[in-house]
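A.B. asks:
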Amino acid sequence: MSDVMEKTLSALPSLLSLDPGAKLSAASRLGALIRGVTELASKQDEEKLMKKELAALKEQVSVPTTSLKQMRECLVRLIYCEMLGYEASFGYIHAIKLAQQGSLMEKRVGYLAVSLFLNESHELLLLLVNTVLKDLQSTNLLEVCMALTVASQLFPPDMIPAVLPLVEEKLQHSKEIIRRKAVLTLYKFYLIAPNQVQHIHDKFRKALCDRDPGVMAASLHIYLLLIKENTGAYKDLTGSFVTILKQVVGGKLAVDFNYHSVPAPWLQIQLLRILRLLGKDDQITSELMYDVLDESLRRAEINHNITYAILFECIQTVYTIHPKADLLEKAAKCNGKFILSPKNNLKYLGLKALTYVVQQDLNLVLQHQMTIIECLDHPDPIIKRETLELLYRITNAQNVAVIVQKMLDYLRQSKDEYITISLVGKVAELAEKYAPNNEWFIQTMNAVFSIGGDMIPSDIPNNFLRLLAEGFDDEAEDKQLRLYAVNSYLALLEKNIQYPQRFLQVMSWVLGEYSYLKTEAKPEDIIQNLYCLLGKCSASLETKAWILSAITKLFRLTQNVKALPEVMQNYGNSMDSCLRQCSFELQQLVENRELMDTVLPLDASCDDIVVDASLSFLDGFVADALGHGAAPYKPHHQRQEEELSQEKVLNFEPYGLSFATSPQASCVSGRQSPTGLSFSSEISCNSTEPGLKDSDSLKLDGVKKVWGKEGYLRKKSESKEETLTSPNSESSVTTDCSSTAEKTAGVTAEEQEKLLLASSLFVGLGSNNSVSLMGKTQSTTQKFWRKQKIVEGQNSHEKTMCAQKAVVPSLAQIPNLMDNVLERRNSFQESKAILLGKKASDSAEASTEEPAQKSNKTWTPSDNLKTIKAVPSASKESFSDLFADGNLDIIQPTNCSSVRVAHEPISSLTPSLPLEFAKLSHSQFELVRANENIALFSCKVWKEECLLIVLSFTNRSSIEVTNAMVNFALPEELQACESTDFTFPLVESLTTVKCQLFLQMVKPCAQALLTGHVTYHLESSQCTQEEFVLAVFLSDFIRPLKLSTEEFGHLWLSLSNDVKQNLSFTSNSSEALTSALHILQQELKLHIVDVIGTEGIVACQLLPSTSCLLHCRFHAGILSVWLRSGCCDLPDCLLYECQKVIQKV
């Protein structure tokens, strides 16, 4: 081994010298250094040698006469020193200089040293920007490659705008290596600053069509991230991905892409993951990929590790997309080979895949039940843990006791913190959902608290205590559960055992709240037991506060206060303020029994407490203090800005003034004092925003309102869950066990034990039984369902999202942002209308292009971008061949089309706007939904204070429509000023009625989808429901904010969230800035505050009242845009809109 290491180290200098003919001479300093380090016997000797070497290098690089060749050799030695862990910061600047000044070989060493020495936050990185810009414009391919590599490795988000335009240009470079590196660089930019590359998504599509397979493969990394974030926007690319995968699986790529005779395995894995995302819950899209998945399963023979990975991805994809019986059967066979394999790695893959299988096919789990039983006792802990995860997925009310016991046994043996945290959460969830009785539930949760210890997440004990407090519909059952908990904890306290802190906190809370239920127990005895816990050193300060709170509640049950002086003596003068406060509260409440009964009523832990969250009782004090000259309160970030402004440093802010930042951003929350005055931290009491200038109270936009007049605004459950039991469960288990025992008459005792365990674990998984899968609905409701009640707010949100997904299965209803970028019209009214997206009624079929001509050994996709362009309508497309070669097959993928509803022309019934809205800026009426009976049209009206959507309901039938209802489900980004439900009792034949929806955007986003449905009756016995989707965009809610230059400057300093970006502008004339600003004003309705030379300032606001300011500077064909706002998301979203507008120009 030493000989191999010696040869490797001896060959290193010749490789770094970049001279193929160079030989390691005896006089080589690097060779001598390496040899000297390898010959040392101790770490101390190495440190001495390295200090001497670093001193010599520092002296040599500081000499002005050092040549570039010598500097290159010095940097190679510095790299070696840094690799050994010795700091050589004196050489960092010389590495940057060598990258700037040297020839090609010196530049390569300089860039290599910089990439190893510096990180993204290093201050010297700023000196490298100009060098990278110069090399990106070089005609030398190696220099361009080095610049792209360094930019992707080192550049932080604030430096990306400087190089982004040049990197975009490299996507059109003639050399494939440059295009591939440019795509990878943009991929890195997207990871660290996704908002800065949103405007070039269409160029990613061109990369997917690139003739070089390497460029295409590089683009898949970006598409995997994009599709994870927004699957619906890329459904139209399914055919392209399927075509690529077909040709890869068919071996159409060059042999260079093969790995162990497997064609491009990592490319196959990427494509399978993308298809899995696209086909989930979408039957039309899934049908396109059935054939290629079948081919992948057939060709991937189990003969190498890389094929195992491909098969695993195939199985996962097959069980994620819309199911097909043949594919499910083939995937199950492949997975069976994994599970039955003697290799631990393959067995783990099989168990992992089974967690996806159980959502589609429970019979496969039953086929391998004995193997799963054996895995429970497997010596490999990873396999054992994955087996428990699988059992967790198949848990139901009949096998919960056995599975939970197996999990607890594993927890007692495990020492891994991560595994403990994961499993205790699963055990608590299963116990809460499927507990057979109160005793089992309390004992299981006690085991969770004891085994999990203080590693348990705080939400587990909180949910447990909330379950006890909220109770169920049956008061007797609630009392029984709480009484059993009290008895259990009193018995545990009598044992001299040290319990975890969270368990002690749970015990103390339960005893303090519900000890009155145990009438035979004296409160004095319980107080004495809790007081003994206070004296133990193992109890933390937080736990002691819980115990003191419980003792305070227990004193309301007794008149005996003998223990009170001892408590006050020990904790009344405690160094901890919380304990000291609890002690004095206890004393005051004991002295005033009437106050104690009012403050601490029995069983009132869930009652709402009226809290004056605005602290209005301090308004008078604040007014007097301000009247006597007291300084207004300033938030921490504002004080920090003032401290920084007082330091003697260069100020790069374009409107940065020497005085302190305006304290305007700090204000009292949206309330009025009793005197009718509003208090603000602004000394002059002038606001720069029109919405605030004449108001007598200030607002905090974007602040989540969680406190109100009635206290904390927490969501309460609106409905009670029904408590049902599972009849005949015990008898069915007994029957199953008895039948199993008869079958095992002739087997060994060990096998009988395994079969009995299997009958307990897999009971209820037959075809006639219900099983609770994660995400599945079971027909039998179990006892403990408090988890769903606790998270009702989350469930309602999930239901809304599911409703949205159900409304958007058709590609015809999905608007596409790329179409809006390429097809934006000039006028403001038409541009607003086009943002609605093309509807299914008026979209034209995409033109079919001729397939590309074949050429020898060339990756030749279609040059026509329409083959992968997003088309919202259900029109037919022709996907040209992505691979053109003499040996390649031309494969035309199946078109993804949705069925149109044929209807007659309805021009005579096309609605019109009321006169009061016709004078405002508005879009044309667009068809939203239509059938032979009704038609829905929508029109946008851009009012000053909101976005108005006028929805027209047209009765196209020959009979009356009764009880028509239109309902909207708003996403979290939008809020309605009025109702979102509209009713039309009677709509006569061939008539139109209208409703109006007033919207504002409370959370900035580029696009939001309004889902809704219309319900109507044609006859008394016939009810029809139609679903529809409306798209609104950020530009629909942008309004001009008219400010003076002085007001702009003051408001600029008060805003803290900013984004900077450089935009390429084709014009380079003196009027380019003015032209660009007027285009932004026309398209986005911004207000131009002032233009001075090459700089301009613009202001706007997002409805209802979120301000956003823009500072623009034009130089050398680059428009530098700087946005600031009080909302952290608004600058990114508005920048995206500006990029689309400028790109159009």
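In this note's numbering, the protein residues as written are 21 to 1165. Cβ atoms here follow ideal geometry from the backbone N, Cα and C, with glycine treated the same way.
Specify the secondary structure class of residue 207 as computed by DSSP and reduced to three states.
C.D. replies: In this structure, residue 207 counts as helix in the three-state DSSP scheme.
A.B. asks: Would you check if there are 3 or more beta carbon pairs closer than 8 Å linking the stretch 991-1009 to the stretch 221-228?
C.D. replies: The answer is no - the stretch 221-228 does not touch the stretch 991-1009, with fewer than three Cβ pairs under 8 Å.
A.B. asks: Where do the N-terminal and C-terminal ends of the alpha helix (DSSP H) with residue 409 fall, by residue?
C.D. replies: Its alpha helix (DSSP H) spans residues 401-413.
A.B. asks: Just to confirm the assignment, what range does the alpha helix (DSSP H) spanning residue 300 have?
C.D. replies: It is not in any alpha helix (DSSP H) - residue 300 carries neither H nor E in the DSSP assignment.
A.B. asks: In or out: residue 252 buried (at least 16 other Cβ within 10 Å) or exposed?
C.D. replies: Buried, since its Cβ has 16 or more Cβ neighbours within 10 Å.
A.B. asks: Taking the C-alpha atoms as reference points, what is the distance between residue 441 and residue 426?
C.D. replies: Approximately 16 Å between the Cα atoms of the pair.
A.B. asks: Could you give the DSSP three-state label for residue 640: helix, strand or coil?
C.D. replies: If DSSP states are grouped into helix, strand and coil, residue 640 belongs with the helices.
A.B. asks: From the DSSP output, which residues share a beta bridge with residue 1020?
C.D. replies: Note: residue 1020 sits in a beta bridge opposite 995.
A.B. asks: Using 8 Å as the threshold, is the C-beta distance between residue 1111 and residue 1100 below it?
C.D. replies: Their beta carbons are not under 8 Å apart, which means residue 1111 does not touch residue 1100 by this criterion.
A.B. asks: Does the separation of the CB atoms of residue 287 and residue 261 fall below 8 Å?
C.D. replies: No, they are not a contact pair.
A.B. asks: How about residue 242 and residue 210: do their beta carbons lie closer than 8 Å?
C.D. replies: Yes, they are a contact pair.
A.B. asks: Does DSSP put residue 1015 in a helix, a strand or coil?
C.D. replies: It is a strand residue.
A.B. asks: Check each candidate in 93, 99, 105 and name the one with the smallest Cα separation from residue 126.
C.D. replies: Looking at the Cα atoms, 93 is the closest of the given residues.
A.B. asks: Give me, in chain order, the residues of the same chain whose beta-carbon lies closer than 7 Å to that of residue 319; leave out the 5 immediate sequence neighbours on both sides.
C.D. replies: The answer, listed in chain order, is 269.
A.B. asks: Looking at residue 501: is its Cβ nearer than 8 Å to the Cβ of residue 488?
C.D. replies: Closer than 8 Å, so yes.
A.B. asks: Give the range of the alpha helix (DSSP H) segment to which residue 137 is assigned.
C.D. replies: Residues 124-137.
A.B. asks: State the DSSP-derived secondary structure class of residue 1154, mapped to helix, strand or coil.
C.D. replies: Three-state result, residue 1154: helix.
A.B. asks: Given a threshold of 16 other Cβ atoms within 10 Å of its Cβ, counted over all protein chains shown, does residue 637 qualify as buried or as exposed?
C.D. replies: Burial call: exposed.
A.B. asks: Considering only C-alpha positions, which residue in the set 405, 1105, 567, 547 is nearest to residue 431?
C.D. replies: The shortest C-alpha separation from residue 431 is found at 405.
A.B. asks: Touching or not, the stretch 595-603 and the stretch 560-577, by the rule of three or more beta carbon pairs under 8 Å?
C.D. replies: Yes: at least three Cβ pairs fall under 8 Å.
A.B. asks: Report, in whole angstroms, the separation of the C-beta atoms of residue 998 and residue 1059, which I expect to be a contact under 8 Å.
C.D. replies: With 8 Å as the limit, residue 998 and residue 1059 do not qualify as a contact, their Cβ atoms being about 19 Å apart.
A.B. asks: In three-state terms, what does DSSP make of residue 176?
C.D. replies: Note: residue 176 maps to coil in three-state DSSP.
A.B. asks: Could you check where the beta strand (DSSP E) with residue 1128 kicks off and where it finishes?
C.D. replies: Element bounds for residue 1128: 1126-1135.
A.B. asks: Mind checking whether residue 202 and residue 183 have CB atoms under 8 Å apart?
C.D. replies: Going by C-beta atoms, residue 202 is not nearer than 8 Å to residue 183.
A.B. asks: Name the DSSP bridge partner or partners of residue 960?
C.D. replies: In the DSSP output, where bridge partners are listed per residue, residue 960 has 969.
A.B. asks: Between the alpha carbons of residue 62 and residue 451, how many angstroms are there, rounded?
C.D. replies: Taking the straight line joining both Cα atoms gives about 58 Å.
A.B. asks: Mind checking residue 558: buried by the 16 CB within 10 Å criterion, or exposed?
C.D. replies: It counts as exposed.
A.B. asks: Quick one, are the C-beta atoms of residue 111 and residue 81 less than 8 Å apart?
C.D. replies: Cβ atoms of residue 111 and residue 81: closer than 8 Å.
A.B. asks: Which residue from 962, 960, 966, 1007 puts its Cα closest to that of residue 978?
C.D. replies: Closest option to residue 978, Cα to Cα, is 1007.
A.B. asks: Tell me whether residue 108 sits in a helix, a strand or coil according to DSSP, three-state version.
C.D. replies: Three-state DSSP puts residue 108 in coil, outside helix and strand.
A.B. asks: How would you call residue 194, buried or exposed, if buried means at least 16 neighbouring beta carbons within 10 angstroms?
C.D. replies: Residue 194 is exposed by the Cβ-count criterion.
A.B. asks: Going by DSSP, which residues form a beta bridge with residue 987?
C.D. replies: Its beta-bridge partners are 1001, 1033.
A.B. asks: What does the Cβ neighbour count give for residue 940, buried or exposed, with the cut at 16 atoms within 10 Å?
C.D. replies: Counting Cβ neighbours within 10 Å, residue 940 comes out exposed, since fewer than 16 surround it.
A.B. asks: Near residue 137, which residues of its chain fall below 7 Å by C-beta distance, leaving aside the five closest residues on each side in sequence?
C.D. replies: The answer, listed in chain order, is 102, 112, 115.
A.B. asks: Quick one: any contact between the stretch 339-353 and the stretch 371-384, if contact means 3 or more CB pairs under 8 Å?
C.D. replies: At 8 Å Cβ cutoff, the stretches touch.
A.B. asks: Report the partner residues of residue 1047 according to the DSSP bridge assignment.
C.D. replies: Answer is 1033, bridged to residue 1047.
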